[in-house]
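> Those protein sequence lines, which keep their order, are chains X and R. First residue of the first sequence? That's 1 in this note's numbering, and the numbers climb one at a time after it. First residue of the second sequence? That's 613 in this note's numbering, and the numbers climb one at a time after it. I have a structure I would like to understand better, so I am pasting it below and will then ask my questions one at a time.
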Amino acid sequence: MPEFTLRTLADQLVNGLVIGNIYALIAIGLALIFGVANLINFAHGSVYMIGAYVGWVCVTWLGWPLGPTFIVVAVACAALGVLIERLGLRRLQSEARIAPLLATIGISFALDQLVQLIFSPNPQSFPSPLPATRVMLGGVSIGALDALIAVITVTSAAMLFAFLRFTRLGWALRATAQDREAAQQMGVDVNAIQALTFAVAAVLGGIGGVMIGMYFTSVYPTMSYGAMLKGFAANLLGGLGSVPGAVIGGLLLGLIETFGVALLGSTYRNLFTFVILIGVLVLRPTGLFGARRAMPPEPLTGTFVANSRPVRVPRFVVIGGLVAAVLLPFISSNPYLLQIFTNAWLFAMLALSITLVTGTAGQMSLGQAGFLAIGGYASALLAMRLGWPLELSLLAGAAIAAALGTLLTWPVFRLRSQYVALATLGIGEVINQIILNWEGLTNGVLGLSNIPPLSLFGLPIIETSPIYWFALAMLVVAALFQWRLMQSHLGRTWRAMREDEVAARAFGVSLNRYKALAFIAGGFIAGLSGAFTAHMYSYINNETFAATTSILGLTMVILGGMGNMSGAVVGAIALTALPELFRPLADARYLIYGVVLLLLVRFRPQGLLGTV
Amino acid sequence: MALLEVRGLRREFGGVVAVDGVDLTVEAGETVSVIGPNGAGKTTLFNLITGLDKPDAGQVLLDGRPITGWPPEKLAALGIARTFQHGRVFGNLSVLDNVLIGAHTRQAAHRLRAPVLGMIAELALALVQPPAWREEHRRLREEARDVLALFGDRLLPRADQPAYSLSYANRRRTEIARALALRPRLLLLDEPTAGMNPTETAEMLEFIRSLKGRGLTLLLIEHKLSLVMQLSDRVIVMDDGRKIAEGVPQSVRNDPKVIEAYLGHKRPGSDARDVQPAGEDDRRAVLAQTRPSSVS
Chain X
1 MPEFTLRTLA DQLVNGLVIG NIYALIAIGL ALIFGVANLI NFAHGSVYMI
51 GAYVGWVCVT WLGWPLGPTF IVVAVACAAL GVLIERLGLR RLQSEARIAP
101 LLATIGISFA LDQLVQLIFS PNPQSFPSPL PATRVMLGGV SIGALDALIA
151 VITVTSAAML FAFLRFTRLG WALRATAQDR EAAQQMGVDV NAIQALTFAV
201 AAVLGGIGGV MIGMYFTSVY PTMSYGAMLK GFAANLLGGL GSVPGAVIGG
251 LLLGLIETFG VALLGSTYRN LFTFVILIGV LVLRPTGLFG ARRAMPPEPL
301 TGTFVANSRP VRVPRFVVIG GLVAAVLLPF ISSNPYLLQI FTNAWLFAML
351 ALSITLVTGT AGQMSLGQAG FLAIGGYASA LLAMRLGWPL ELSLLAGAAI
401 AAALGTLLTW PVFRLRSQYV ALATLGIGEV INQIILNWEG LTNGVLGLSN
451 IPPLSLFGLP IIETSPIYWF ALAMLVVAAL FQWRLMQSHL GRTWRAMRED
501 EVAARAFGVS LNRYKALAFI AGGFIAGLSG AFTAHMYSYI NNETFAATTS
551 ILGLTMVILG GMGNMSGAVV GAIALTALPE LFRPLADARY LIYGVVLLLL
601 VRFRPQGLLG TV
Chain R
613 MALLEVRGLR REFGGVVAVD GVDLTVEAGE TVSVIGPNGA GKTTLFNLIT
663 GLDKPDAGQV LLDGRPITGW PPEKLAALGI ARTFQHGRVF GNLSVLDNVL
713 IGAHTRQAAH RLRAPVLGMI AELALALVQP PAWREEHRRL REEARDVLAL
763 FGDRLLPRAD QPAYSLSYAN RRRTEIARAL ALRPRLLLLD EPTAGMNPTE
813 TAEMLEFIRS LKGRGLTLLL IEHKLSLVMQ LSDRVIVMDD GRKIAEGVPQ
863 SVRNDPKVIE AYLGHKRPGS DARDVQPAGE DDRRAVLAQT RPSSVS
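Structural data, given as structure tokens:
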């Protein structure tokens, strides 16, 4: 443990406040958008990242000074903010509240991949154009950049305050946030106000991005995701939707993180964010400084299930499809094709799991990859450390995923709709962080290698075709398992809970129990898929089951139709196989996923086969 | 001993007292109506009795046993069923499945209460589906169809349609069918005829009368006073969160406090019989204008 002198303590304080300033800028933007549009904007991190790239282009390619750079960043981000409002929110206002949230996820996928395609996924060096001199101020060393960040943040916050408090437009914005319909009746153009809010939020986020790029001297496409989560955590800490709360929350988060890293090491950096995120959501959802009012009212059907009649897939089609799948290795011996379809079957299991939890039981899960990870690690470790036979370790891995994952998700059961999405996302990340930091068990970043291969009754399964059949067989077993549950009273009870929690409770449905049962059953299927993956690859690390996998699985489910089992399989095949079959598209697959998600939410919310 | 007893129930919402020291009893087999102008606290009272909201003070007793503040799922298991003011059917479930949810607490799986093991057992039961489970499943489905049949050919031909596709009146009927499937000891109906036309209202009147004839205990919120007068054994009048009158329909009808509550002031020279329907019409007019489009 490093020794804390007064000097290092003061330095850490400055570091924490500087980082906290930037978190505050991101959090203010999220707070404004949440206030006006009641939306958790998942694309906000992408705006911040794009702001950083625009700044980087201006400074390092064009050699501009900082003044014009900030102006260009502000203009570009404002335009992007307006575009996001148009694509992600305007037309979805009348849909379930989760629809715009999903749309912003789609937009963020697309934007992140676009930047990757243009500038490569590698970090780009962003040297600060400011002098490197540091002044000592009362024993604390402060650099020019530290000072600039403080000045810009404080100026932006002051300008925002003045705008909200003293201009007519600012009044209109606050009025819209308080009561949209009343503001509209008083002649406020609420759509224009909403666009303006997105623009202002995007400018703040983009400027934050440039400054963080200079502070850490690099920019990279994936910086968006972490920033977005930090912004949420800061925002929640201060009270969702509150601008002063966002500032205080941002500064607090910066300080907690900096001191935490100094105490425990830098791999713990993100853990604090997620623990705060979940802790605040569960224990004090109004935030530290929020008034003790209830959370903003949510629509009664808290999920994204449109009224629709599902397409009934005739039995002969299902059986025909299955026969074709079984015969595929005889039709084509192309190992590449078989690998793609093996992957599709494993993804289909993830999609089944998500469709059960999110589609049938109505719990919007963005953390389902956490179940894959637990299943994968548990099975691999049981086989490696304890020498368990594969059949047993696969099942045990799945069971551990079901039990442990459900236990971790338990605190989320009291939340609804958007908050469930946010909290499950956080839980997925916490699982990832635990894997990263529990080195004694998981080997940390190095991951587990030499995982015993797949085998059955002692016979190793290492050829492409047998692996393909094994994966297919597991999918079929999982689907039968789920089908059986759907036909029992459980399927009915889950769907009733999804439709109306209040009415379900009034008829004796204890929500926690049935939410837990959904997560147990879904977690088992996901865990099985994760365990299989671990043995198939013989190597896994904390990035094998990244958070994007959860969202990809969710996109498959929405594509096929929420709660629709055939739809989940069709969605998995479509989104796994299609980008591979059109090889040039493979690099842009997340762009495709994002656009598909956006288009679905907008034009066919019930998916291809309809919700069940 | 009364089946339901409510003593001094009170609920405040940020300074507004929605229910203010209400007492009431319902004997087994009795039909008691709660009437009063909008905002009198009737639905809040229902929510407090059924556990959807918790009182700030006061007691609720079922068979003399305190059940104050119990969660709704536990109260449902004790035999308290309700319908909702604005209708809350499960839109994407079939009509039959809606009714079967009503029978949720009567399933064997519901008796597996042990914290973790009960859940595992329920999962196993749903997976294995042993003969006893199948028999129960079949029996409950049959029973649900019988409940639907109580509404003649209103619901039965639509048993497999999703509930969102039903007409408004049929959704209200589905809700009542769902509540009946619980085999309630006490049934709370919150404005069962709201939004129904005169024919449908008359049909509902007969239906509730038949429930009463079968010995069901009913607590009813209703605005259509003629229906209240015909059905109720006793009427409780609420205004501004308080109980202002109670008694047999005839005596309540002529109570000056009731007339005042409905009209805001006494109209000199007018006779109670003229006032009553006028009051109802006023209320209807107000209702038509102010009923919120969203469920509150």
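In this text, a Cβ means the ideal position worked out from N, Cα and C, and glycines have one as well. Everything numeric in this text was worked out from a predicted model, so none of it was measured.
With distance defined between alpha-carbon atoms, name the residue in R:Ala-733, R:Gly-714, R:Ile-713 nearest to Ala-721 of chain R.
Measuring from the Cα of Ala-721 of chain R, the nearest candidate turns out to be R:Ala-733.
> Decide if Phe-507 of chain X is buried, meaning its Cβ has at least 16 other Cβ atoms within 10 Å, or exposed.
Buried is the call here.
> Tell me, please, whether the CB atom of Gln-862 of chain R is closer than 8 Å to any CB atom in chain X?
Taking Cβ atoms only, chain X never reaches closer than 8 Å to Gln-862 of chain R, which makes this a no.
> Taking 8 Å as the CB-CB cut-off, is Arg-797 of chain R touching chain X?
No, its Cβ sits nowhere closer than 8 Å to a Cβ of chain X.
> Measure the alpha-carbon distance for Pro-861 of chain R versus Asp-845 of chain R and round it to whole angstroms.
Approximately 7 Å, taken between the alpha carbons.
> I believe Tyr-224 of chain X touches Asp-146 of chain X by the beta-carbon criterion, under 8 Å. Please report the beta-carbon distance rounded to the nearest angstrom.
The sequence shown places Ser at residue 224 of chain X, not Tyr. About 24 Å separates the two Cβ atoms, so there is no contact after all.
> Are any of the Cβ atoms in chain R nearer than 8 Å to that of Phe-216 of chain X?
False, the Cβ-Cβ gap to chain R never drops below 8 Å.
> Using the three-state DSSP reduction, which class does Pro-335 of chain X fall into: helix, strand or coil?
In the structure shown, Pro-335 of chain X sits in a helix (DSSP, three-state: H, G or I).
> I think Leu-839 of chain R touches Thr-805 of chain R, with their Cβ atoms under 8 Å apart; what is that distance to the nearest whole Å?
Between Thr-805 of chain R and Leu-839 of chain R the Cβ distance is about 6 Å, and since that is below 8 Å, they are a contact.
> For Val-317 of chain X, count neighbouring Cβ atoms within 10 angstroms of its own Cβ and tell me buried if that reaches 16, exposed if not.
Per the 10 Å Cβ criterion, exposed.
> For Arg-751 of chain R, decide whether its Cβ has a neighbour in chain X, counting only Cβ atoms nearer than 8 Å.
It does not; no Cβ of chain X falls within 8 Å.
> Where does Val-151 of chain X land, buried or exposed, given buried means 16+ other C-beta within 10 angstroms?
With fewer than 16 other Cβ atoms within 10 Å, it is exposed.
> So Leu-817 of chain R and Leu-832 of chain R are in contact, right, with Cβ under 8 Å, and what is the actual spacing, rounded?
Going by Cβ atoms, the distance from Leu-817 of chain R to Leu-832 of chain R rounds to 11 Å, so no, they are not a contact pair.
> List the endpoints of the continuous beta strand (DSSP E) containing Glu-617 of chain R.
Taken as a continuous stretch (DSSP letters only), the beta strand (DSSP E) holding Glu-617 of chain R covers 616-625.
> When you check each C-beta in the segment 714-727 of chain R against every C-beta of chain X, which residues fall closer than 8 Å?
Those residues of the segment 714-727 of chain R that come within reach of chain X (Cβ to Cβ, closer than 8 Å) are Gly-714, His-716, Thr-717, Gln-719, Ala-721, His-722.
> Measuring only the C-alpha atoms, how far is Gly-553 of chain X from Gly-367 of chain X?
Cα-Cα distance, rounded: 10 Å.
> Does Gly-321 of chain X come within less than 8 Å of chain R when only Cβ atoms are used?
Gly-321 of chain X does not count as touching chain R.
> Which chain R residues are close to Val-477 of chain X, counting only those with a beta carbon under 9 Å from its beta carbon?
In chain order: nothing, as chain R lies at least about 12 Å away.
> Going by DSSP, what residue range makes up the alpha helix (DSSP H) through Thr-576 of chain X?
Where Thr-576 of chain X is concerned, the enclosing alpha helix (DSSP H) stretches over 565-581.
> With a threshold of 8 Å between beta carbons, is Thr-611 of chain X in contact with chain R?
Yes, because at least one Cβ of chain R sits closer than 8 Å to the Cβ of Thr-611 of chain X.
> So, is the C-beta of Phe-625 of chain R closer than 8 Å to a C-beta in chain X?
No, Phe-625 of chain R lies away from the interface with chain X (no Cβ there is under 8 Å from its Cβ).
> So is Thr-662 of chain R in contact with chain X if we call contact Cβ pairs under 8 Å?
Interface residue, yes.
> Which residues in chain X have a C-beta closer than 9 Å to the C-beta of Ala-688 of chain R? List them in chain order.
Correct list: Arg-505, Ala-506, Phe-507, Gly-508, Val-509.
> Does chain R have any CB closer than 8 Å to the CB of Asp-500 of chain X?
It does: the Cβ of Asp-500 of chain X has a partner Cβ on chain R nearer than 8 Å.
> Beta-carbon separation of Met-536 of chain X and Leu-448 of chain X under 8 Å?
For Met-536 of chain X and Leu-448 of chain X, no; Cβs fall outside 8 Å.
> Looking only at its chain, what residues have a beta carbon closer than 8 Å to the beta carbon of Asp-11 of chain X, apart from the 5 residues adjacent to it on each side?
Hits under 8 Å: Val-140, Ser-141.
> Given a cut-off of 8 Å on the beta-carbon distance, is the pair Val-612 of chain X and Asn-564 of chain X in contact?
In this structure, Asn-564 of chain X lies closer than 8 Å to Val-612 of chain X by Cβ.
> Listed in chain order, which residues of the segment 779-809 of chain R have Cβ atoms closer than 9 Å to some Cβ of chain X?
Listed by position, the residues of the segment 779-809 of chain R near chain X (Cβ gap below 9 Å) are Glu-787, Arg-790, Ala-791, Ala-793, Leu-794.
> Mind reading off the beta-carbon distance from Pro-774 of chain R to Ala-693 of chain R? Whole number of angstroms is fine, and I expect it under 8 Å.
So it is not a contact: roughly 22 Å between Cβ atoms.
> Could you compute how far the alpha carbon of Asn-122 of chain X sits from the alpha carbon of Tyr-53 of chain X?
Distance between the alpha carbons of Asn-122 of chain X and Tyr-53 of chain X is about 12 Å.
> Are the beta-carbon atoms belonging to Gly-405 of chain X and Gly-362 of chain X less than 8 Å from one another?
Their beta carbons are not under 8 Å apart, which means Gly-405 of chain X does not touch Gly-362 of chain X by this criterion.
> Excluding the 5 residues flanking Leu-255 of chain X on each side, which residues of the same chain have their C-beta closer than 8 Å to its C-beta?
Leu-13, Gly-16, Leu-17, Gly-20, listed in sequence order.
> Just how far apart, CA to CA, sit Gly-375 of chain X and Phe-545 of chain X?
Cα to Cα, Gly-375 of chain X sits roughly 11 Å from Phe-545 of chain X.
> Report yes if the CB atom of Ala-640 of chain R is closer than 8 Å to the CB atom of Thr-829 of chain R, and no otherwise.
Yes, the Cβ-Cβ distance between Ala-640 of chain R and Thr-829 of chain R is below 8 Å.
> Arg-602 of chain X lies in the alpha helix (DSSP H); which residues open and close that run?
That run of the alpha helix (DSSP H) goes 589-603.
> Strictly below 7 Å CB to CB, what residues from chain R border Ser-488 of chain X?
By Cβ distance, chain R contributes Ala-738, Gln-741.
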